[in-house]
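J.: Each residue of the sequence shown is one higher than the one before, counting from 872 in our numbering.
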Amino acid sequence: MSFMKQSADLQPIEDTVFAVVSMAKQDIAEHGADAVVDATIGSLYDEQGKLVAYQNVFDHYNAIAKEVKAAYAASFTGNPGFRTQVRNWVLQDQPVTLNTSVIATPGGTGAVNMTMINVLEPGQTVILPEICWGSYNLMAAQAGLKTAAYAMFDGDHFNLDSFEKVCRRVMSEQGRLLAVVNDPCHNPTGYSMSLAEWRQVVRFLNELSEQGPCVILNDIAYIDYSYKGTHSRDYLSTLNELSGNVLAVIAFSCSKTLTSYGLRCGAAVILGQNAQRVREAEIVFEKTARATWSNIPNAAMENFTWITTENREAFEAEKQIYVDLLKQRSGTFIREAAACGLVHYPYKEGFFVTLQMPDNALRDQYHQKLIDHHIYTVKVNKGIRVAVCSLSVAKVKGLAERMKQILDSLQ
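Next up, the structure:
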């Protein structure tokens, strides 16, 4: 007899990321940091191997009065100034004319989760990228949803044909659609869609929405680490072309942007042509927020608002140092991978590069072989994720060739 509901999944959660992180730490303790490559950590680290915590973020946060930190937020939807500034920050100078609402969430994760549980009924299907952040699947399962996956790539570009086929099938089955697109700086491949690809997606969703309501969930957790700077947001203007039957929800992560991963703060940005439909989504999301986490840390919201307004220039200058460093690390890995023939998925920008491993059985063998050689990575569907965000330039140099030699020894 179980005290949990009958439909509860009693299988213990297997977080492979934290498990391999623990193994890497143990290896470092035994053999020293110089002998180990820990490419598991999905956070930004400096060249000395320390977690980056921006001075322009935490100096001000530490100076916030303890009463502000202790206080409830002004509303379970988020502080008014925070909601306004999230919209300003996410859209920046893009001429987005859609009706908009913002609901504060605990990180981008909260925005993804609240969208899944409110757009679809239990038993319905959410559409995910075939290669994706594993927690999407867990959130879907917790919401009682099924999943359908579209292939991410056709050669070196977005696989629009697969996306369309999966969406059409799911729409024919359930009369409504929720599709997740993690872009730009896709986790884990580092791919970013082109303007042309976004226009194609928008045109397709408009066509499909004649059969039923469509929601596109755009996870932009890593957008502020794009190598294109302000142009990282250019694609958002394509959303102006969405029909009245398509709603967009953008999942934004202050946690990633501000290197404050443990200080859970983010937002769901709702955009649509029809003001009433946007307001309906806002009402439902408000109730989820109230019933699930009640409110978001007050000081985290106040800090974000101050940093991205009064202290924006200094913050962006500090962040750019690490964007440039990330570009140097990824550029080194990509060049050396090309030189030695180590095949990876199309990479444009972001925290991760993912090696192509179409055979998951071979992937598992390879992952273990890498561990045997003191190289720690993360397994994803059909791939091996290399977190260049946490590797020094010195650690990156020569890594691709080492990994290729280990792979060759298996084949």
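By construction, the Cβ of each residue, glycine as well, lies at the ideal position given by its N, Cα and C atoms.
Curious, which full-length beta strand (DSSP E) runs of at least 3 residues does the stretch 1007 to 1051 contain?
T.: You should have 1017 to 1021.
J.: Could you please give me the residues that DSSP links to ARG1183 through a beta bridge?
T.: Beta-bridge pairing links ARG1183 to no other residue.
J.: Secondary structure at SER1124, three-state DSSP: helix, strand or coil?
T.: Strand, per DSSP.
J.: Below 8 Å between beta carbons: does that hold for ARG1148 and LEU1107?
T.: Contact: no.
J.: When DSSP builds the beta bridges, which residues end up paired with THR976?
T.: Its beta-bridge partners are GLY1137.
J.: Apart from the five residues just before and just after ALA1019, which ones in its own chain have a Cβ nearer than 6 Å to its Cβ?
T.: Around ALA1019: THR996, ILE998, VAL1037 and VAL1041.
J.: Need the endpoints of the alpha helix (DSSP H) that ALA1258 sits in, please.
T.: Here ALA1258 belongs to no alpha helix (DSSP H); instead the beta strand (DSSP E) covers 1254 to 1258.
J.: Assign GLN1191 to buried or exposed, taking buried as 16 or more other Cβ atoms, counted over all protein chains shown, within 10 Å of its Cβ.
T.: Exposed: under 16 other Cβ atoms inside 10 Å.
J.: Hey, out of VAL1264, LYS876 and ILE1246, whose CA is closest to ARG1256's CA?
T.: Ranking the options by Cα distance to ARG1256, first place goes to ILE1246.
J.: From the DSSP secondary-structure annotation, give me the bridge partner or partners of ILE998.
T.: Answer is ALA1019 and ALA1050, bridged to ILE998.
J.: Would you tell me roughly how many angstroms separate the C-alpha atoms of PHE1186 and ILE1178, rounded to the nearest one?
T.: Answer to the nearest angstrom: the Cα atoms are 7 Å apart.
J.: Where does CYS1003 sit, in a helix, a strand or coil, going by DSSP?
T.: The answer is coil: DSSP assigns CYS1003 none of H, G, I, E or B.
J.: Judging by CA-CA distance, which residue of GLU1220, LEU1048, GLY1046 and THR948 is the nearest neighbour of GLN1199?
T.: It is GLU1220.
J.: Roughly how many whole angstroms lie between the Cα atoms of LEU922 and ASP1090?
T.: Computed Cα separation, rounded: 23 Å.
J.: Grouping DSSP H, G and I as helix and E and B as strand, with all else coil, what is ASN1116?
T.: If DSSP states are grouped into helix, strand and coil, ASN1116 belongs with coil.
J.: Can you tell me whether DSSP reads GLN1199 as helix, strand or coil?
T.: Of the three classes helix, strand and coil, the one that applies to GLN1199 here is helix, per DSSP.
J.: For SER1033 versus ALA1022, is the C-beta spacing smaller than 8 Å?
T.: Result yes, Cβ atoms of SER1033 and ALA1022 sit closer than 8 Å.
J.: Over what stretch of residues does the alpha helix (DSSP H) that includes PHE1175 continue unbroken?
T.: Start and end: 1169 to 1178.
J.: Pull up the distance between the alpha-carbon of TYR1193 and that of PHE874, whole angstroms please.
T.: Approximately 49 Å between the Cα atoms of the pair.
J.: Give me whichever residues DSSP pairs with GLN965 in a beta bridge.
T.: According to DSSP, which records beta bridges pairwise, GLN965 is partnered with nothing at all.
J.: Taking Cβ to Cβ, would you say THR980 is nearer than 8 Å to SER946?
T.: No; because the gap between Cβ atoms is not below 8 Å, this pair is not in contact.
J.: Could you round the C-beta distance between ILE1167 and ALA1152 to whole angstroms and report it? I think they count as a contact, below 8 Å.
T.: With a Cβ gap of about 18 Å, ILE1167 and ALA1152 do not count as contacting.
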